[in-house]
Amino acid sequence: MLYELETSRFVKNVIIPGIRELQELFEKNGKREEWLITYLYNDVCIREEPNGEKKCMLSVKDSYYHDMIWRACNIGGMYKNVQEERKQRAIVSKDKLVEIIEEEFGLNRLVKFEEIMQKGYAKEVVQYLYWARERYEFAVNYIDSISVKYLTDEKDFASMLEEL
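In this note's numbering, each residue carries its 1-based index in the sequence shown increased by 138.
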């Protein structure tokens, strides 16, 4: 509810701390994309649609950080067009990773990312999930711009107390 009524307060008090925590964890783990992917997502499943198209379904491992990224991207304007988001995800169906998972593990089976990477496909996982890194970077850049705004705005004491 705070998210809808007081967006700026929600961003300042909820999203910024969450993204900063994730940013710190990401940096502690060498800024490795593999770490980010396996931290946010648990596994992947390739499903064949009735029209024959194959799609990847991801299961979220850490819903808190995933939600903070999603909300930052949403509020920041990354998802202005829902169709664009769907198009971005549809790219998955034509990706090399779909073929790899289908050949190595089969359809309609949840496959852990660690399992895929252990078979030597870490590079493909990172290439396929490039959008996870893009969303993370967008969220970090968004909160950086918000943080700068809050630091540069001159406010009187009463308005600062009101924000607390």
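We put the CB at the ideal spot given by N, CA and C, even for glycine.
- Item | Cβ pair count under 8 Å reaching 3, the region 254 to 270 against the region 161 to 172 | Between the region 254 to 270 and the region 161 to 172 there are three or more inter-stretch CB-CB distances shorter than 8 Å, so the stretches are counted as touching.
- Counting Cβ pairs closer than 8 Å, one from the region 207 to 218 and one from the region 188 to 197, do we hit at least three? no
- Could you have a look at LYS192 and say whether DSSP puts it in helix, strand or coil? strand
- Query: Counting only runs that start and end within the region 149 to 196, where is the alpha helix (DSSP H) found for 4 or more residues in a row?
  - Reply: Complete alpha helix (DSSP H) runs here, min 4: 154 to 166, 171 to 178.
- For ILE175, which option in LYS192, GLY156, LEU245, ASP200 has the closest C-alpha, if you only look at C-alpha atoms? ASP200
- Kindly indicate the opening and closing residues of the alpha helix (DSSP H) around GLU253. Here the alpha helix (DSSP H) through GLU253 covers 251 to 256.
- Query: If you draw a straight line from the C-alpha of GLU237 to the C-alpha of GLU262, how long is it?
  - Reply: 11 Å
- Message: Using a Cβ-Cβ cutoff of less than 8 Å, which residues in the same chain neighbour LEU163 once the five nearest sequence positions on both sides are dropped?
- Response: TYR177
- Task: Leaving out five residues on either side along the sequence, give the residues of the same chain with a beta carbon under 8 Å from the beta carbon of LYS234.
- Result: Here the set comprises GLU262, GLN265, TYR266.
- Query: Apart from the five residues on each side of it in sequence, which residues of its chain come closer than 6 Å, Cβ to Cβ, to ASN167?
  - Reply: TRP173
- Taking the CB atoms as reference points, tell me whether ASN246 and CYS194 lie closer together than 9 Å. For ASN246 and CYS194, no; Cβs fall outside 9 Å.
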